Amino acid sequence: MIIRQPAAAHYGCSALHRVTWFVIAIPVLSVPLYSQLASTADALTTRPDLRKHGWLIVADSAQTSVQKFITKNSSRFGFADNDALEIIASHIDKNGWTHTKYLQHYKGIPIEGADVVFHADKSGNVQSVNGKFVIGLTATGATSVSVARARELALAYLTSDEYAWENESQEAMIKLSTGNAYATYYPTPTLVFTRNADTLAVEAKNLVLAYRVDIHSVTPSYAYRIYLDPTTGNELRRTSLRSGNCNPTTATVYTVYNGQQTIHTEEIPQSNPTRYRLYDPCRRIQTKYESNDVTNQGTTWYAALDGFTQAHWGAMRTYDYFQHGLGRPGGPLDTTKVMVQKLTSDIVGAMYSNGAIFSDDNSTSHCHDYMTNLDVVAHEWTHGFIENTLADLQNQGASEAKVLNEGFADIFGEMVECYVGSQSDQCGTWKAGGECTSLESNYPRNLKEPTASQGARTYCGLNWSGDVYAKSGVLARWFYLLTEGDTASNDHCCYPITQQNFIVVDGVGTTIASDICYAVLTNGYLTSASDFVDAGIATAYYTDLEYGTPALYSVINAWHAVGVYEGLGENACGTFDVYNSPAVAVSTRAYRTCIPPLGNGLWVKDNGHLTTTSGRYIHMRTGTRVDAGGYFHARIQQPCSTWVAKVGGTSVLESQLDSSLPLSHRTYPLSISIRPNPAHATAMLDIVTNRNVVVDIEVNNLVGSRAILQLGGVQVASGASAIPLDVTTLAAGLYLCLVRTPESISTCYFLVE
Ligand SMILES: [Zn+2]
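Be aware that the sequence shown starts at 40, since it is given in this note's numbering, and climbs by one per residue.
Next comes the structure, spelled out in structure tokens:
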């Protein structure tokens, strides 16, 4: 017996990582397995009923391990040198039995379908064997097409605008689902013996040598296994890797909320007259009532079943949105179940749990009839989608991650309503569960003006004390502002709207806005415990990478409009104290910035520094207090002139608004600007100040605020100075220039072309 380590795995089975790899070379069987073993009288017998199916039952007296069993019997079998058995998986059951699966190889080439499982009891003694051996195979195993050429040919046979290995999130998913950091959809042609058709028996006469190549495509969406002749390169056959008999029956149905629609169903075999059930075999969506199939005679469904057909249709459309609108094929699980349940104390409204969507069957008190509205189904589906992303945001409890999860679910619910176009009258209403009439079960929710449905529109603002659904309004409104754009105000300083109390957000449209949400989830820019500030950073990061400005400004301004600012520490919501520099730094390009930006009550003390940058106005809220020893620094940019105010030992009242800060506190005005802007090889930094001062100059890019140019200890004289900056090495884009004095930081944005 030869035991050796194989060079590479032949089968992409995750169990391979858990079993010890070895190969046992044994001669090939020349006659069927069971009759060979039955003729060895010392220890073996067979049971006729199993034997008919190729099983072998080993007599109790055999007392032999799998390896010994194979070694002992191989000589009697007359196996040839060209044959080997290779372990591909093993499993230990709850009784301690070990079931080990081997795949037959011929000349080192795997034979598809020729796998044999040895079952050994707790003591390791073989008790039975089943599976399929191939006997009498003769082939040279020679090829004239290389592996690389086979890959080229397969890709020529199966073209794609975007293969799965070219898609970042698909590649991340396969690594996640296999637990293998090197897993990839990039195809590796494998030489195999395969049958000419899956319907043929696993016998030598039906086997041919072929390259097997799996090709996964995102656009268009398909997954095929293609077999190529290794001599000619011709395609032998292909099979879909998406399981199931995808042969739906189209049916006409009535829905509760969306009128007459077309759905896919499945015929119930042998029913007469023919009946159909709510199962879409292509999208693999199954809609049930309790645990029962919902069925109908004929292909025009009874109107009385509209609650179920509504759910089924909604799940189909949601599937289509995720596949075609976002580029993510498949549902939350291989088969997505939509379970309509009797209204009980456990099931009120709708929920997602373990790959299934649950909706109650009696929401007449607040919605209509069934809680199976299109955006409700899409909402629950989104929870399942998020569970299968790298982000996997927490979906329980009251954390901000759960709040974000609910917010994304409402966002994609709205997007699905818009995706179906005229089939829904809810697109653009910005309501989740818009068909509902009261606030029971938290529906309907207003995404555009969440306060209209008892939700929060501002982080830490009105209704922030509500539940996760109320708080999710902050994310929903951010998305609305980002998508459509608006002149926005929030609860902290700019409410109610007056002439100057606003942040202008330019809309980027649904395609970009939904892609940003999709990417931060699937790419793992958010993680399971992410909060709102994380969401702000993640969306800005991705937007900067993917779309640059001005979309980046829209993302940031929309966050500011809902009260989410970067630079806020933990427990940013409510009263908090600033102790040590730079405990809190608020930087915004918003027109108006509030101090404190979140909630009421900020106390700067014990040498703490609060640094704030704003576009035009800074608004001091009642309760803001600056002790002797604490400092408040305010910088106004419009956009490249800066002044600094320093307030110490002062309680700041709401009446002291904006530019009414005492002039005496404008201690060291310093303005900076860059010319030309946009800059090319060399830029001039102009500094105007009223004293001689030593400054540090830094140029940062906007991603991760990384310093890429630094000049320390630069002498600046009172008056105007011009300092040359070499920007030759900077890539085109937007940069932030910082000039630090001992008391202040002045900033200015400029473009490099
Ligand atoms: Zn939810």
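For each residue, glycine too, the CB sits at the ideal point set by N, CA and C.
This one's a predicted model, so the numbers in the text were calculated from it and none came from an experiment.
- At least 8 Å separates the beta-carbon of asparagine 596 from that of valine 559.
- Leaving aside the five residues that flank glycine 366 on each side, the residues in its chain whose CB is nearer than 6 Å to its CB run, in chain order, Val257.
- Spanning the alpha carbons of glutamine 349 and threonine 294 requires a straight line of approximately 5 Å.
- Checking the 7 Å criterion, the Cβ of alanine 448 is within range of a heavy atom belonging to ligand 1.
- In this structure, glutamate 445 has its CB closer than 7 Å to one or more heavy atoms of ligand 1.
- A check of alpha carbon separations from alanine 515 across Lys381, Gly370 and Ser553 identifies Ser553 as the nearest.
- With contacts defined by Cβ atoms closer than 8 Å, glycine 370 and arginine 322 form a contacting pair.
- Shown here, proline 489 sits in a helix according to DSSP, grouped into three states.
- For threonine 497, the closest alpha carbon among the candidates Lys510, Ala222, Asn485 and Asn740 is that of Lys510.
- Judged by DSSP in its simplified three-state form, leucine 248 adopts strand.
- Relative to the non-hydrogen atoms of ligand 1, the Cβ of histidine 351 never comes closer than 7 Å to any of them.
- Taking C-alpha positions only, alanine 220 is separated from aspartate 645 by approximately 49 Å.
- Under the three-state reduction of DSSP output, leucine 413 falls in the helix class.
- Rounded to the nearest angstrom, the gap between the Cα atoms of glutamate 474 and leucine 486 is 14 Å.
- In this structure, the beta-carbon distance from proline 226 to aspartate 253 falls below 8 Å.
- Residues Lys381, Leu382, Asp408 and Tyr409 of the same chain have their beta carbon placed closer than 8 Å to that of asparagine 401, with the five preceding and five following residues left out of the count.
- Taking the Cβ of histidine 363 as the reference point, every heavy atom of ligand 1 lies at 7 Å or farther away.
- In the three-state scheme derived from DSSP, where H, G and I count as helix and E and B as strand, isoleucine 595 is classed as helix.
- Taking 8 Å as the upper bound for CB-CB distance, glycine 170 and aspartate 154 are in contact here, some 5 Å apart.
- A Cβ-Cβ separation of about 13 Å leaves methionine 390 out of contact with glutamate 426 under the 8 Å criterion.
- Residue nearest to glycine 163 within the set Tyr141, Ala101, Asn121 and Pro269 is Ala101 (criterion: CA-CA distance).
- Residues of the same chain with a CB within less than 8 Å of the CB of methionine 355, apart from the 5 flanking positions on each side, are Ile302, His303, Asp319, Arg322 and Ile324 in chain order.
- Assignment of serine 100 by DSSP, reduced to helix, strand and coil, places it in the helix class.
- The distance from the Cβ of alanine 574 to that of leucine 443 is about 6 Å, consistent with a contact at the 8 Å cut-off.
- Here DSSP, grouped into helix, strand and coil, assigns tryptophan 352 to helix.
- Three or more beta-carbon pairs drawn from the region 731-740 and the region 773-782 are found closer than 8 Å, and the two stretches are therefore classed as touching.
- Taking 7 Å as the cut-off, the C-beta of histidine 138 does not count as close to any heavy atom of ligand 1.
- Looking from the CA of tryptophan 517, the closest CA among Tyr482, Phe172, Gly752 and Cys556 belongs to Cys556.
- Bounds of the beta strand (DSSP E) holding serine 712 are 709-714.
- Secondary structure note for lysine 510: its alpha helix (DSSP H) is the uninterrupted segment 507-510.
- Residue ranges of uninterrupted beta strand (DSSP E) with 3 or more members, entirely inside the region 149-213 and ordered along the chain, are 165-170.
- Rounded to the nearest whole angstrom, the CA to CA distance from alanine 222 to alanine 395 is 28 Å.
- By the neighbour-count definition (other C-beta atoms within 10 Å, threshold 16), isoleucine 450 is a buried residue.
- Partner residues in the beta bridge of glutamine 380, as assigned by DSSP, are Asp399.
- Around the beta carbon of valine 733, fewer than 16 other beta carbons lie within 10 angstroms, which makes this residue exposed.
- Distance from the CA atom of leucine 724 to the CA atom of aspartate 765, rounded to whole angstroms, is 10 Å.
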